[in-house]
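Asks: With the sequence shown counted from 1, adding 1076 to any position gets you the numbering used here.
One structure coming up, written as structure tokens, with questions to follow.
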Amino acid sequence: TNNEEFTKKKIDISFKNMELIPDNINIEENSELYLNIISDIDGKLHIHGYDIEQKIEKNKISKITIKLNATGNFPIAFHIESNHGEDDHHNTENAPHKETIIGNLIVNPK
């Protein structure tokens, strides 16, 4: 049985001008990661591989908790929330939603 304790780790990140600071989050596996995110824009943060999606509100701290049990490099993406989806309905065919890769969650073996 794997009764290994998760190590708690808190990291503050910020998202400004479409840049994640820091853009790479390096952490060991079997960590319980608490992310505090402050952003200058509304949208959704998506961590591939862990299938985590978190709504991000402008100038508010958003919190994400992840138990890291898979190692590897997981892209972090951001979707911009557009409140005026009606205006650009001619774009919807080819762009269901725009996703920008803004960084990586790098989970290293213990």
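We put the beta carbon where it would ideally sit given N, CA and C, even for glycine.
All of these numbers come straight from a predicted model, not from anything done at the bench.
Identify, in the order they occur along the chain, each residue of the same chain with its Cβ nearer than 6 Å to the Cβ of Ile1177, setting aside the five sequence neighbours on each side.
Replies: Taking the first residue of the sequence shown as position 1, residue 1177 is located at position 101. Closer than 6 Å at the Cβ level, and outside the excluded window around Ile1177, lie Pro1151 and Ala1153.
Asks: When burial is assigned at 16 or more other CB atoms within 10 Å of the CB, is Asn1102 buried or exposed?
Replies: For the purposes of this step, residue 1102 is taken as residue 26 along the sequence shown, with counting starting at 1. Per the 10 Å Cβ criterion, exposed.
Asks: Phe1082 lies in the beta strand (DSSP E); which residues open and close that run?
Replies: For the purposes of this step, residue 1082 is taken as the residue at position 6 of the sequence shown. From DSSP, Phe1082 is part of no beta strand (DSSP E); its letter is neither H nor E.
Asks: Could you confirm whether any beta carbon from chain B is found closer than 8 Å to the beta carbon of Leu1109?
Replies: The structure shown contains no chain B, having only a single protein chain.
Asks: Compare the C-alpha of Asn1180 against each of Lys1134, Ile1123, Lys1143 and Asn1106 and name the closest.
Replies: As a working note, residue 1180 is residue 104 in the sequence shown. Selected option, being the one with the closest Cα: Ile1123.
Asks: Identify the residues that DSSP records as bridge partners of His1122: which are they?
Replies: Translated into the one-based positions of the sequence shown, residue 1122 becomes position 46. Note: His1122 sits in a beta bridge opposite Glu1129 and Ala1153.
Asks: If you compare alpha carbons, which of Tyr1126, Asp1118 and Asp1088 is closest to Lys1143?
Replies: What you label residue 1143 is simply residue 67 of the sequence shown in a count that begins at 1. Closest option to Lys1143, Cα to Cα, is Tyr1126.
Asks: Check for me: the beta strand (DSSP E) holding Thr1141 runs from which residue to which?
Replies: In the sequence shown, residue 1141 corresponds to position 65, counting from 1. Ile1137 to Leu1144 is the extent of the beta strand (DSSP E) around Thr1141.
Asks: Under DSSP, the beta strand (DSSP E) around Asn1093 begins and ends at which residues?
Replies: Taking the first residue of the sequence shown as 1, we reach residue 1093 at position 17. No beta strand (DSSP E) contains Asn1093, which DSSP labels as neither H nor E.
Asks: If you run the structure through DSSP and keep just helix, strand and coil, what is Ile1117?
Replies: Stepping through the sequence shown from its first residue, residue 1117 is reached at position 41. In this structure, Ile1117 counts as coil in the three-state DSSP scheme.
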